[in-house]
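Mapping of the sequence shown onto this note's numbering: residues 9 to 628, in sequence order.
We treat Cβ as the ideally placed atom computed from N, Cα and C, and that holds for glycine.
Model, not experiment: these values are computed from the prediction.
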Amino acid sequence: MPQTNVKHWRRLDNAAKLFPAASSKRDTRVFRFYCELKEDIQQEILQKAVDRTLEKYPIFLSVLRKGLFWHYLEQSNKRPVVREEYKEPCSSLYIRDKRDLLFEVTYYKKRINFEVFHVLTDGTGASEFVRELVKNYLYLALNSFITEDGLEMGRAQVVQAEAAGVAPQVEMNPILLKPTNDVGSQVIVNGEVLKNMSAREYFAYKKQLIPDIMKAFHKLEEENDIIVIEGAGSPAEINLKKDDIVNMGLAKMVDAPVLLVGDIDRGGVFAQLLGTLMLLEDDEKERVKGLVINKFRGDKTILDPGIVMLEERGGIPVVGVTPYMQVEIEDEDSLTERFNMTKGGKGAEERIGLVDIAVIRTPRISNFTDFMLLENAPGVNLRYVKNPRELRNPDMIILPGTKNTMGDLKWLRQSGMEAKILKAHAGGCVVWGICGGYQMLGQSLSDPEGVEDGGSMKGLGLLPVTTTFTTEKTRTRVNGTLLHVEGNLKALENLKFEGYEIHMGKTELLEGCPMNQIHDTVKKKDRQIPDMEPENRIENSTDGISHGNVYGTYIHGIFDKEKIVSEIVKSLAEKKGLSMEEVEGVDLKAFKESQYDLLADTLRKHLDMKAIYQIMGMQK
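Encoded structure:
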């Protein structure tokens with residue numbers, strides 16, 4: 009007989025064994041990652057994002073137990089509850105004999121915070137969790153829109169409303185499905201959550217939603233002369249058409265004529281269209297009044313013989329062949345090819361960018377969220393580079409944070425990446441190091457206490473600083489000002505930033521002036537934080553250095569300010585003799601309208617609008 013409620017135990021590795029014993033109020037062994045977005049965080053959506061992320065990382069649902077000789081991680085049924093930030097950053101999470109989760113997700117205004125006890129994961133694991141969390145949050149947030157009356161609808165329908173010049177209203181999207189996992193979705197009806205359903209459960213239930221669909225349609229019908237309905241998927245899915253409410257099923261319900269559109273860019277468009285017509289019932293085929301071939305590339309005259317054959321065999325006229333268009337229209341969700349392209353994935357080579365930025369992807373890279381704003385900056389191609397051959401000739405190289413500076417510095421040397429970076433710098437390329445990357449750019453690194461690999465090693469030699477690793481960990485939040493900036497990025501002077509520090513080691517300037525004046529927002533005397541020694545309770549201090557075209561800082565989040573990113577991109581573009589004024593001067597709303605106009609003008613040119621108006625009953 010199978011056992012139930014069996015607890016699964018996981019023994020700690022040798023490094024993690026130290027943390028339960030070493031943690032205290034003075035050193036909590038808790039570290040924080042955070043990501044700041046452009047809009048205020050929605051608690052409900054963030055909670056859903058956490059739940060979805062834990063499906064991929066169930067090990068995080070563990071508590072720490074003490075065995076006879078060792079500590080263990082034990083599977084727990086506890087679930088994290090997202091709430092607004094309520095305590096000092098990096099406060100204790102592990103309390104002996106109290107079986108609490110070892111991580112916490114909070115938020116403050118536009119910021120998502122993730123804190124974790126070091127026993128549970130290291131920096132790399134935490135950064136991966138945060139990346140997944142932010143991705144899920146953006147997917148859930150961007151996949152929907154809140155109307156003026158507080159109801160939820162899909163982004164695609166919002167874009168369509170904007171293009172039509174009308175206010176989005178929930179009747180345009182009466183049924184919204186938001187995936188919660190691979191086999192289930194949250195079902196939202198008329199802008200409000202009904203419940204979560206598996207795919208099988210939804211298919212059995214969906215016909216009960218027909219009254220809601222028809223109510224929405226009739227309301228739109230009262231307010232508009234024309235309603236254009238977009239089908240979802242194919243109208244010829246023979247296993248699904250019996251209960252169809254979004255394709256031919258809906259066309260029948262509202263007695264609408266149909267245009268059938270095929271995507272030639274995917275190949276086999278003639279088989280798509282003819283095969284679909286063959287699988288339709290006679291009454292369904294009668295509804296199809298025209299065929300459209302979409303995303304055509306090349307000379308249309310080459311396609312004409314195929315169109316003649318298509319019309320002969322299908323018995324339905326082709327009312328247009330639309331070209332493949334380069335238009336910038338908001339995506340339906342965040343999981344698009346564009347996301348991969350900005351990270352140097354498939355299609356990165358084809359992405360057009362005035363400014364090329366390469367982030368060195370070291371084996372122990374951390375803090376991916378440092379570059380989110382740069383990834384999405386207009387005119388920027390940001391790439392993650394892990395092979396020296398991929399570096400090519402960027403305008404800026406960024407050495408990111410790392411969980412092991414000396415180990416990743418050895419990798420730079422052994423892989424040949426160091427030589428490539430030094431050559432690029434000699435050619436005038438801007439180089440910026442953050443945290444561990446900042447330490448690598450110095451003259452030397454010393455580890456007398458064996459915090460990392462022990463011993464000492466030479467740095468890249470691009471900054472006049474030396475770093476000594478100590479057992480004391482710097483962990484705090486700051487805001488500050490860029491006061492002394494040399495080289496191509498001098499325009500950054502006097503700009504303000506905020507972020508956090510989390511690192512082992514102290515860096516000493518051998519010459520020159522610090523780059524940043526910073527204000528510690530955590531180490532406040534009036535808070536009387538117990539783990540802060542009196543000499544460390546300094547509210548104002550300095551950070552980093554600018555030396556020619558090389559820049560180093562400990563501040564994570566320094567690239568999270570739009571003004572800083574804008575000035576960096578502008579400066580790099582001007583260095584190449586390019587201007588960013590046109591990009592920066594475009595109003596978002598005006599830009600959207602220009603893209604909608606471009607789309608509309610192209611469609612009018614390549615579609616037989618007279619025939620389409622006749623199909624719609626607008627002309628005889």
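Just list the residues that DSSP pairs residue i with in beta bridges.
i: TYR559; result: TRP440 and SER554
i: GLN622; result: Answer by DSSP bridge pairing: none, since GLN622 is not bridged.
i: TYR213; result: None; TYR213 has no bridge partner.
i: HIS391; result: Sequence check: residue 391 is Arg here, not His. Paired residue(s): ALA366.
i: SER549; result: ILE526
i: LEU69; result: Bridge partners of LEU69: none, in fact.
i: PHE505; result: GLY488
i: GLU200; result: VAL197
i: SER374; result: GLY409
i: ARG40; result: GLU123
i: LEU453; result: MET465 and THR475
i: THR114; result: ARG91 and ASN121
According to DSSP, is residue i part of a helix, a strand, or is it coil?
i: ALA366; result: strand
i: ILE237; result: coil
i: ASP416; result: helix
i: PRO88; result: coil
i: MET261; result: helix
i: VAL577; result: helix
i: PRO331; result: strand
i: VAL138; result: helix
i: VAL174; result: coil
i: ARG4; result: Absent from the structure is residue 4, since the part of the chain shown begins at 9 and ends at 628.
i: LEU607; result: helix
i: ILE53; result: helix
i: PHE225; result: helix
i: LEU518; result: coil
i: GLY323; result: coil
i: GLY133; result: helix
i: GLY513; result: strand
i: PHE567; result: coil
i: VAL185; result: A small correction: the amino acid at residue 185 is Leu; Val does not occupy that position in the sequence shown. The answer is strand: DSSP assigns LEU185 an E or B state.
i: SER100; result: coil
Determine the direct distance from the alpha carbon of residue j to that of residue i, and round the result to whole angstroms.
i: GLY450; j: ASP59; result: 42 angstroms
i: GLY635; j: ILE510; result: Because residue 635 is not part of the residues shown, which for the chain are 9 to 628, the question remains open.
i: ALA432; j: PRO182; result: 55 angstroms
i: VAL326; j: LYS118; result: 49 angstroms
i: ILE566; j: ASP528; result: 14 angstroms
i: GLY387; j: ILE246; result: 45 angstroms
i: GLN627; j: LEU258; result: 24 angstroms
i: PRO66; j: MET261; result: 44 angstroms
i: ILE365; j: SER579; result: 13 angstroms
i: MET333; j: LYS308; result: 15 angstroms
i: ALA57; j: LEU500; result: 35 angstroms
i: TYR42; j: ASP130; result: 15 angstroms
i: ILE546; j: LEU497; result: Because the pLDDT at ILE546 is just 48, under 50, the model does not fix this residue reliably, and the value given afterwards should be weighed accordingly. Taking the straight line from one Cα to the other gives about 29 angstroms.
i: VAL269; j: LEU299; result: 6 angstroms
i: THR330; j: GLN603; result: 16 angstroms
i: ILE120; j: GLU140; result: 12 angstroms
i: HIS564; j: TYR508; result: 5 angstroms
i: SER464; j: GLU516; result: 15 angstroms
i: GLY495; j: ARG391; result: 23 angstroms
i: MET180; j: ALA608; result: 20 angstroms
i: ALA434; j: LYS600; result: 41 angstroms
Does the Cβ-Cβ distance between residue i and residue j come in under 7 angstroms?
i: MET523; j: HIS492; result: yes
i: ILE49; j: TYR115; result: yes
i: THR410; j: ARG369; result: no
i: VAL363; j: ASN557; result: no
i: GLY467; j: SER452; result: yes
i: GLY513; j: THR484; result: no
i: ASN302; j: ASP271; result: yes
i: GLY5; j: PRO408; result: Nothing can be reported for residue 5, as the shown portion of the chain is limited to 9 through 628.
Uninterrupted beta strand (DSSP E) stretches inside the stretch 456-500 (no shorter than 3 residues): 463-466 and 473-490
Fully enclosed by the stretch 264-315, which alpha helix (DSSP H) runs are 4 residues long or longer? 277-287 and 290-295
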